[in-house]
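Residue numbers (UniProt numbering): 1 to 266.
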C-alpha cells in the first residue's frame, strides 16, 4: 500500500516538475524579449505610441502576463514541494515490518514451547493416574484377600472418595470383621484395627516389596490365635524381606525367628 502511494506521488511530482520547467522557459523567454525591447526603448527614446508599434499587441500581452506567470511558477513550486514523497517513511515501514516479524517469531516460539510443556504435563498426569489406578486396583484386591486370610472370613475394601480426581480427596478404608457389619477403620476395636492395618501393609508389600519392616507392639491388642496367624504370615514374608518386631508380651515369641531379649532393671 505504501509502495503504491509512493509511486503515485512520484508520478505527480514528475508532472509538476515538467510544468514548472515549461513555465520557467516561458518566463525566461518573456524576460529576454522584455530586456531587448527595454534596451531598444532606452536607445531610441521613443514615445509610447512608437513603443506600441515596436512591441505589437501579443508581446505587450506577454509582458503584462509576466507577473501572473511568476506567481503561477511560485505556486507550482510550492505544490511540487508538498507532493514530494517522504522517503523516510519507507525506511520506517521496513523497520516496523522487521520488528513485527520478530515479534511474530517470538510469539510462535513461545506458543510452541507452551504447547510442548502442556503436552509433557498432561502426559505426566495421565501416566501418574494410570500407574496409581493400576496399583490401587492390585492393592485393593490383595487387601481383600489378606484380610479374609488373617481374620478367617472377614472382608475389606479401599474406595476412592473422588473417582474423577483420586488425588484430591484420598481413599476410604472399610472392613467387615467376621460376623459383623461394615465399619470404617476408625470405628474398629484395637485388635480389629491392628489386623486391618497389617492386611494393608501386607497388600502394599505384595505390590511393591520393601526390604525392611519395623513393627512396634503389633501383638499388644491381639489374642494368641491372631498372633499365631500373623506370625505364620510374617514368616512366609521373610523370604524377600526382613522384619524387626518389638514386643513386651511372652505370647509374641511365636513371631520370633531370631530372638533378642533386652531387659533393664529399676
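Glycine residues also receive a C-beta, built at the ideal position from the N, C-alpha and C atoms.
Beta carbon of residue i, beta carbon of residue j: below 9 Å?
i: residue 175; j: residue 159; result: no
i: residue 249; j: residue 203; result: no
i: residue 150; j: residue 212; result: no
i: residue 227; j: residue 219; result: yes
i: residue 206; j: residue 139; result: yes
i: residue 224; j: residue 234; result: no
i: residue 173; j: residue 196; result: yes
i: residue 166; j: residue 120; result: no
i: residue 181; j: residue 217; result: no
i: residue 191; j: residue 222; result: yes
My assumption, with CB atoms under 8 Å, is that residue i sits in contact with residue j. Please give the rounded CB distance.
i: residue 269; j: residue 193; result: Because residue 269 is not part of the residues shown, which for the chain are 1 to 266, the question remains open.
Once the 5 residues before and after residue i are set aside, which same chain residues still bring their CB inside 8 Å of it?
i: residue 135; result: 207 and 208
i: residue 241; result: 205, 209, 210, 211, 212 and 213
i: residue 132; result: 166 and 167
i: residue 201; result: 213
i: residue 124; result: none
i: residue 115; result: none
Within the same chain, show all residues whose beta-carbon is closer than 6 Å to that of residue i, passing over the 5 residues directly before and after it, in chain order.
i: residue 157; result: 174
Taking 7 Å as the limit between beta carbons, can you name the residues of its chain near residue i, skipping five residues before and five after?
i: residue 113; result: none
Could you please give me the residues that DSSP links to residue i through a beta bridge?
i: residue 173; result: 158
i: residue 184; result: 174
Verify the CB distance criterion: does residue i have a CB-CB separation below 9 Å to chain C?
i: residue 210; result: Chain labels in this structure do not include chain C; a single protein chain is all it has.
Secondary structure, alpha helix (DSSP H): runs of 4+ residues fully inside the segment 194-257: Fully enclosed alpha helix (DSSP H) runs of 4 or longer: 224-237.
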